[in-house]
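Peer 1:
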Amino acid sequence: MVRREFDWNLLHTFMVIVEEGSITRAANRLLLRQPSVSTALKRLEDRLGQRLIDRAPGRFELTDAGRVLYRECRDICGAIGRLGHLLTAGEAELSGHIRLLLASHVVFPPLDAVLADFHAAHPLVTLECEVARSSVVVQTVLSRQASAGICLVARPHPHLAYRRLFREHFGFFCGPSHRLFGRTDLTVADLRDEPVVSFNTDSPTDALRAIALLRARHDLNGRTVGRSSNLEEVRRMIVAGLGVGPLPIHVAERDVREGLLWRLPPWDDTAGPGGPAPVDIFLVTNPRTTLSQAERLFLAMLNARVDAAPGGVFVYPTGTTRAPSEGPLAD
Numbered sequence: 048m049v050r051r052e053f054d055w056n057l058l059h060t061f062m063v064i065v066e067e068g069s070i071t072r073a074a075n076r077l078l079l080r081q082p083s084v085s086t087a088l089k090r091l092e093d094r095l096g097q098r099l100i101d102r103a104p105g106r107f108e109l110t111d112a113g114r115v116l117y118r119e120c121r122d123i124c125g126a127i128g129r130l131g132h133l134l135t136a137g138e139a140e141l142s143g144h145i146r147l148l149l150a151s152h153v154v155f156p157p158l159d160a161v162l163a164d165f166h167a168a169h170p171l172v173t174l175e176c177e178v179a180r181s182s183v184v185v186q187t188v189l190s191r192q193a194s195a196g197i198c199l200v201a202r203p204h205p206h207l208a209y210r211r212l213f214r215e216h217f218g219f220f221c222g223p224s225h226r227l228f229g230r231t232d233l234t235v236a237d238l239r240d241e242p243v244v245s246f247n248t249d250s251p252t253d254a255l256r257a258i259a260l261l262r263a264r265h266d267l268n269g270r271t272v273g274r275s276s277n278l279e280e281v282r283r284m285i286v287a288g289l290g291v292g293p294l295p296i297h298v299a300e301r302d303v304r305e306g307l308l309w310r311l312p313p314w315d316d317t318a319g320p321g322g323p324a325p326v327d328i329f330l331v332t333n334p335r336t337t338l339s340q341a342e343r344l345f346l347a348m349l350n351a352r353v354d355a356a357p358g359g360v361f362v363y364p365t366g367t368t369r370a371p372s373e374g375p376l377a378d
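The opening residue of the sequence shown carries number 48 in the working numbering; numbering runs sequentially from there.
As structure tokens, this is what we get:
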């Protein structure tokens, strides 16, 4: 391969394809047409003389060469993307760029306060807040393309650092057209045969396992009629009346007040074994990333705000059982 003729953008496209696990999803993320992304992959494979991804109907799997290249791409693309931010560190007035990736609809008032305070103190620093699936958040931080991420964590990666920011509790809800809407005489048994809307990670082995375990504990085995990785889309299907579904209680409060959602049992807000499902949201950082001064200050402000919380972690809604303190990734 002649280095001076190599198109380094092909590596970035390949990395996004792998992270998304799909040409179509990669094209959506890159704001490109699907044929353009397919062509970029073929150009890279032709240039390297190696097949990188085995693709067939229902099959998407990295080859051995693809796995090797992906590991290298994470470091190469991350380092290239950060050069501009690092070179601003010596300027008299703080400038630079902070890229923060978040899982969908993170409602965390301390983060909002930090964003406001940081911008007031350092108005030349630009901020980029991008919503992505939690798995993509983790991969982007791992590849050093983001300053940090805020997301759910199914299985911690050994090369990343995690800090629990807050614990939210999921309850079950239905929309205005649902037959259970507005009823105050319900028990959990009334939900057992209801069609369900939920998240793709609602599984005993994934990030929202607390919801899966709560459904199993109460025998809520209704047919799943809708799924999404995005909280807003799960909410959309619940409001539309497709079925009952889980949402963070503090996130749904406004919709309940405005008559768009109705909360269903279990009601117990002490978060005991039969109460709302507790789910932890983490700040994810990469110790191998060389942070700019702006990034260091921003993360220091966020960590200081969390340090001030009782027990070092915020809990929503208030009044529920506080998060355990025995470890950063305790269930």
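Ideal Cβ placement from N, Cα and C applies to all residues, glycine included.
In the DSSP assignment, find the unbroken beta strand (DSSP E) run with V362 in it and report its ends.
Peer 2: Unbroken beta strand (DSSP E) run through V362: 361 to 363.
Peer 1: Secondary structure at G113, three-state DSSP: helix, strand or coil?
Peer 2: It is helical.
Peer 1: Could you pull the start and end residues of the alpha helix (DSSP H) that H206 belongs to?
Peer 2: Run containing H206: none; DSSP gives neither H nor E here.
Peer 1: Could you spell out where the beta strand (DSSP E) holding L310 opens and where it closes?
Peer 2: Sequence check: residue 310 is Arg here, not Leu. Its beta strand (DSSP E) spans residues 309 to 311.
Peer 1: How would you write the range of the beta strand (DSSP E) that P295 sits in, first residue to last?
Peer 2: Residues 292 to 295.
Peer 1: May I have the straight-line CA-CA distance separating R77 from N56, to the nearest angstrom?
Peer 2: It is worth fixing the name first, because residue 77 is Leu in this sequence and not Arg. Cα-Cα distance, rounded: 11 Å.
Peer 1: Quick check: the region 212 to 225 against the region 277 to 296, are at least 3 beta-carbon pairs closer than 8 Å?
Peer 2: The region 277 to 296 vs the region 212 to 225: in contact.
Peer 1: Report yes or no: do three or more beta-carbon pairs, one from the region 184 to 198 and one from the region 332 to 342, lie closer than 8 Å?
Peer 2: Yes, the region 184 to 198 is in contact with the region 332 to 342.
Peer 1: On the three-state DSSP scale, how would you describe R51?
Peer 2: In this predicted model, R51 has a pLDDT of only 48, less than 50, meaning its place in the structure is not dependable enough to derive any value.
Peer 1: T332 by DSSP, collapsed to three states: which one?
Peer 2: Strand at T332.
Peer 1: For my contact list, H265 and P323 are in at a C-beta cut-off of 8 Å; report their separation, rounded to the angstrom.
Peer 2: That pair is no contact at about 12 Å.
Peer 1: Which two residues bound the contiguous beta strand (DSSP E) that contains E177?
Peer 2: E177 -> beta strand (DSSP E) spans 172 to 178.
Peer 1: Do the region 114 to 121 and the region 62 to 79 make contact, defined as three or more Cβ pairs closer than 8 Å?
Peer 2: The region 114 to 121, when compared against the region 62 to 79, does touch it at the 8 Å Cβ threshold.
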